[in-house]
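Student:
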Amino acid sequence: MIKVTGDTTLSNSFMGNTIQICVVTKDMFRTLEGFVQLGVGPWRVYTFSPENVSDQTYRGKSQPYSMRLAVAWTGTTFWEVIEPLEGESIYKDWLKKHGEGIQHVAQECAPLAFDDQVAEFERRGLSVVQSGVWNDQVRYAYIGTEDLAGMAIELFTFPEGFSFPEPEVWYPGPPPGHEGHAA
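For reference, each letter of the sequence shown is one residue, going 0 to 182 in numbering that gives the first Met the number 0.
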């Protein structure tokens, strides 16, 4: 039996803080413009593909996929917008089933490390539905929690000293001190 053990914990708690909210869209720049109107940005825009994401998996099989991805912050919240491009992916699955909207949230890998978090989800009968390693540095895995929570949960880990590379474009433009291309 699950018990309440504190103001914010249950006896079966193991996940870290929610640190990211992701919206999946069919039109990246239309969605980014909506966020900009709400005061969220500037956005760093990247393309994730087999060229910069290794070890790509989709539903338990090696599967290449690509996406356009944008990130921005409001305080400590890390916003992400994804537009799927090529290959099968959980983002395309989401758009077919639900349309545009919040597809996943990401959890901090604490108090358990990345591999321990994945193992704990698997111990609870939940599996990794998509994964990869971006720029040989950032491991990520999506857990198939849609039936339980109405969305996926993402785990990722940044190596010590990680900083985001300069994006392909900034939207609506680069912040002061950055020399990037505006979309």
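Beta carbons: idealized from backbone N, C-alpha and C, even for Gly.
According to DSSP, simplified to helix, strand and coil, what is Leu37?
Tutor: In the sequence shown, the residue the question calls residue 37 occupies position 38. Reduced to three states, the DSSP call for Leu37 is coil.
Student: Please name the residue or residues paired with Gln106 in a DSSP beta bridge.
Tutor: The sequence position of residue 106 within the sequence shown is 107, counting from 1. Answer is Thr17 and Leu154, bridged to Gln106.
Student: Got a sec? Which residues, its chain only, sit under 8 angstroms from Ser53 by beta carbon, not counting five neighbours each side?
Tutor: On the sequence shown, position 54 is the one that residue 53 refers to. Only Gly131, Val132 and Asp135 meet the Cβ criterion.
Student: Roughly how many angstroms lie between the CA atoms of Ser10 and Leu31, to the nearest whole one?
Tutor: Here residue 10 refers to the residue found at position 11 when the sequence shown is read from its first residue. Here residue 31 refers to the residue found at position 32 when the sequence shown is read from its first residue. Answer to the nearest angstrom: the Cα atoms are 39 angstroms apart.
Student: Is Gly183 buried or exposed, if buried means 16 or more other CB atoms sit within 10 Å of its CB?
Tutor: Summary: the structure shown does not reach residue 183, with the chain confined to residues 0 through 182, and so no result is reported for it.
Student: DSSP three-state call for Thr56: helix, strand or coil?
Tutor: Your numbering for residue 56 matches position 57 in the sequence shown. Looking at Thr56 - three-state DSSP - the assignment turns out to be strand.
Student: By the three-class DSSP mapping on this structure, what secondary structure does Tyr90 have?
Tutor: In the sequence shown, counting from the first residue as 1, residue 90 sits at position 91. Looking at Tyr90 - three-state DSSP - the assignment turns out to be helix.
Student: How many angstroms separate the CA atom of Gln129 from the CA atom of Ala112?
Tutor: Position 130 of the sequence shown, counted from the first residue, corresponds to residue 129. Position 113 of the sequence shown, counted from the first residue, corresponds to residue 112. Approximately 18 angstroms, taken between the alpha carbons.
Student: Just to confirm, is the Cβ distance from Val80 to Thr24 under 7 angstroms?
Tutor: By one-based count along the sequence shown, residue 80 stands at place 81. By one-based count along the sequence shown, residue 24 stands at place 25. Closer than 7 angstroms, so yes.
Student: How many whole angstroms separate the CB atoms of Leu154 and Cys108, which I take to be in contact at a CB cut-off of 8 angstroms?
Tutor: Here residue 154 is taken as the residue at index 155 of the sequence shown, counted from 1. Here residue 108 is taken as the residue at index 109 of the sequence shown, counted from 1. Leu154 to Cys108, Cβ: 6 angstroms. Contact.
Student: Answer with yes or no whether the minimum CB distance from Leu125 to chain D is below 7 angstroms.
Tutor: Protein chains in the displayed structure number just one, and chain D is not present.
Student: Within a Cβ cutoff of 8 angstroms, which residues of the same chain sit near Gly176, ignoring the five residues on either side of it in sequence?
Tutor: As a first step, residue 176 is located in the sequence shown; it is residue number 177 there, counting from the start. No residues qualify anywhere along the chain.
Student: If you reduce the DSSP assignment to three classes, tell me which class Ala69 lands in.
Tutor: Position 70 of the sequence shown, counted from the start, is the residue given in the question as residue 69. DSSP places Ala69 in strand when its eight states are reduced to three.
Student: Nearest-angstrom Cα distance between Ala181 and Arg138?
Tutor: On the sequence shown, position 182 is the one that residue 181 refers to. On the sequence shown, position 139 is the one that residue 138 refers to. Cα to Cα, Ala181 sits roughly 28 angstroms from Arg138.
Student: Less than 7 angstroms between the C-beta atoms of Gln102 and Trp93, yes or no?
Tutor: Numbered from its first residue, the sequence shown carries residue 102 at position 103. Numbered from its first residue, the sequence shown carries residue 93 at position 94. Going by C-beta atoms, Gln102 is nearer than 7 angstroms to Trp93.
Student: Given a cut-off of 7 angstroms, decide if Tyr90 and Leu68 are closer than it, judged by their beta-carbon atoms.
Tutor: As a working mapping, residue 68 is identified with position 69 in the sequence shown. As a working mapping, residue 90 is identified with position 91 in the sequence shown. Their beta carbons are not under 7 angstroms apart, which means Leu68 does not touch Tyr90 by this criterion.
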